[in-house]
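Line by line, the protein sequences are chains X and Z. So for the first sequence, our numbering puts the first residue at 19; every next one is plus one. So for the second sequence, our numbering puts the first residue at 104; every next one is plus one.
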Amino acid sequence: MKRLHTGFALTLLCSFLSLPAAHAHKVTVFAWAEGNRVFTESKFSGGKMVKAGKVEVFDNSGTLLLEGRTDDHGAFAFQAPSIADLKIVLTAGMGHQNSWLLSAAELSHGELTPRAAHASPSESAGLETGGETASPSVEPGLTAREIEAIVSRQLEQKIQPLTRMVAESREKGPTMSEIVGGIGYIIGLVGLGAYVRYRKDRRRS
Amino acid sequence: MHISEGVLSGPVLAAGAAVALAGTAAGLKKMELDRVAQAGMLSAAFFVASLIHVPVGPSSVHLILNGIVGLLLGWAAFPAILTALLLQAMMFQYGGITTLGVNTVIMALPAVLCYHLFGPFVLKPSRIAVPAAFACGAGSVFLGAVLAGVSLMYTEGSFLEVAGLVVTAHLPVMAIEGVVTVFCVAFLRKVKPEMLPGYDAAFLQQK
């Protein structure tokens with residue numbers, strides 16, 4: 019029986035020690051923009067996606083612009099109502115809440131993005147038909163605004179994996195040093211208690 | 104069961120802080136200095152228990168261990184849990200500083216209640232002690248879930264709906280903690296029965 023207890027204590031200890039990935043009770047929301055469409059992703063810090071969590075979008079003055087619910091993959095996307103700073107608040111139920119600030123600079127004017135999307139196939143088509151000219155012949159037809167839109171769209175595409183990486187690295191749960199640090203604080207407090215106790219003893223004697 | 108910042112209304116936060124303060128004061132007053140080390144150990148156990156994630160159900164739940172903390176510490180569970188929660192808020196951003204009081208009450212008050220309810224039975228013969236230990240572990244999680252429901256009902260709508268949700272999410276945790284408490288009590292009865300509540304009384308009776 020005693021063996022069993024020791025085994026149990028050991029497994030408990032092992033589960034304490036082998037848990038860097040397993041943690042809970044914090045919820046995070048992350049948002050990024052593509053054009054004027056805003057995508058959000060919500061997860062519990064254990065890596066579990068928030069299903070049917072309420073997402074509310076506020077503007078700078080704190081008025082509610084829109085709200086929605088996350089799908090099974092913790093995602094929720096919406097059309098930015100205006101180019102302004104947005105505060106995205108996720109409420110995952112049972113008292114879990116977090117928010118993300120999306121600055122106006124990340125949003126671009128939405129009308130340009132679809133036009134740029136149309137521009138790219140016609141551009142490549144132009145290249146194919148007018149195959150003799152080596153340099154893209156459509157260049158003169160592009161206004162500065164369109165070029166800007168194309169560049170920003172491409173940039174968004176290229177940056178997206180990075181944004182995701184950043185989002186994921188932000189969610190690093192408790193590290194070993196934090197866990198050990200916390201326990202250290204408690205041991206320190208116990209030491210303080212012991213000090214007070216023995217000082218009392220010494221005064222008495 | 105950690106409630107995040109910005110979820111609760113001001114009065115609820117204030118009430119939570121007041122109760123937590125009173126409980127901590129009572130706990131510190133009642134705690135004999137000889138038991139500081141024990142309180143620290145249980146505080147540390149509570150501190151890491153929240154990192155053990157139970158991957159069952161729609162939400163995200165973790166072990167709490169407030170039943171054991173309460174059973175072994177009584178009122179001293181308040182300062183022990185407060186300390187652990189403060190460190191969790193600082194280190195892991197679980198809960199928050201403003202909700203510290205409410206979260207302390209949610210987890211420590213059931214611990215103290217279960218100490219008084221089930222504590223006297225854990226040194227009785229096994230057929231009484233085992234169910235009592237299980238009820239202590241599971242019951243303190245259950246009561247904690249109910250308290251979380253109470254504190255959330257002012258902001259999240261009807262009490263029954265919220266409490267029902269929290270309780271269901273914590274059903275697996277209740278089962279696990281009930282079993283863990285039974286094991287701990289069984290272990291301590293053999294190895295160090297003087298740590299369990301009611302030891303002095305039982306000892307005197309035997310004499």
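Just so it is clear, CB atoms sit at the ideal spot from N, CA and C, and this is done for glycine as well.
Any chain X beta carbon closer than 8 Å to alanine 128/Z:
no
Go to asparagine 54/X, then tell me how far its beta strand (DSSP E) extends in each direction, as first and last residue.
Segment: none, asparagine 54/X is in no beta strand (DSSP E) and carries neither H nor E.
Q.
On the criterion of 16 or more Cβ atoms from any shown chain inside 10 Å, does serine 229/Z qualify as buried, or is it exposed?
A. exposed
If you reduce the DSSP assignment to three classes, tell me which class isoleucine 106/X lands in. strand
Near-chain Z residues of the region 85 to 105 of chain X (beta-carbon distance less than 8 Å), N- to C-terminal order:
none
Tell whether a beta-carbon distance below 8 Å holds between glycine 143/Z and alanine 214/Z.
no
- Determine, using beta carbons only, whether valine 214/X comes closer than 8 Å to chain Z. yes
- Output the residue ranges of the alpha helix (DSSP H) runs that lie fully inside the region 149 to 230 of chain Z and measure 4 residues or longer, sorted by chain position. 169 to 176, 180 to 195, 203 to 221
* To do: Output, in chain order, the set of chain X residues within a Cβ distance shorter than 8 Å of leucine 190/Z.
  => Gly200, Tyr203, Ile204
ask   = Around the Cβ of alanine 162/X, are there at least 16 other Cβ atoms within 10 angstroms (buried) or fewer (exposed)?
value = exposed
Pair within 8 Å by beta-carbon distance, glycine 177/Z and proline 296/Z
no
Taking beta-carbon pairs under 8 Å, can you tell me which members of the region 173 to 197 of chain X lie near chain Z?
Gly191, Pro192, Glu196, Ile197
query: Using DSSP with H/G/I as helix, E/B as strand and the rest coil, what is valine 265/Z?
result: helix
Can you pull the chain X neighbours of isoleucine 106/Z, defined as C-beta to C-beta under 7 Å? Gly113
Starting from asparagine 116/X, follow its DSSP beta bridges and name the residues at the other end.
Leu108/X
According to DSSP, lysine 61/X sits in a beta bridge with which residue or residues?
Thr46/X, Met67/X
Residues in the same chain with beta-carbon distance under 6 Å from valine 115/Z, minus the five sequence neighbours each way, listed in chain order, please. Ser254, Tyr257
Query - N-terminal and C-terminal residue of the beta strand (DSSP E) that glycine 126/Z is part of - result: Unbroken run through glycine 126/Z is the alpha helix (DSSP H), 113 to 133; no beta strand (DSSP E).
* Could you round the C-beta distance between alanine 140/Z and alanine 212/X to whole angstroms and report it? I think they count as a contact, below 8 Å. => 7 Å
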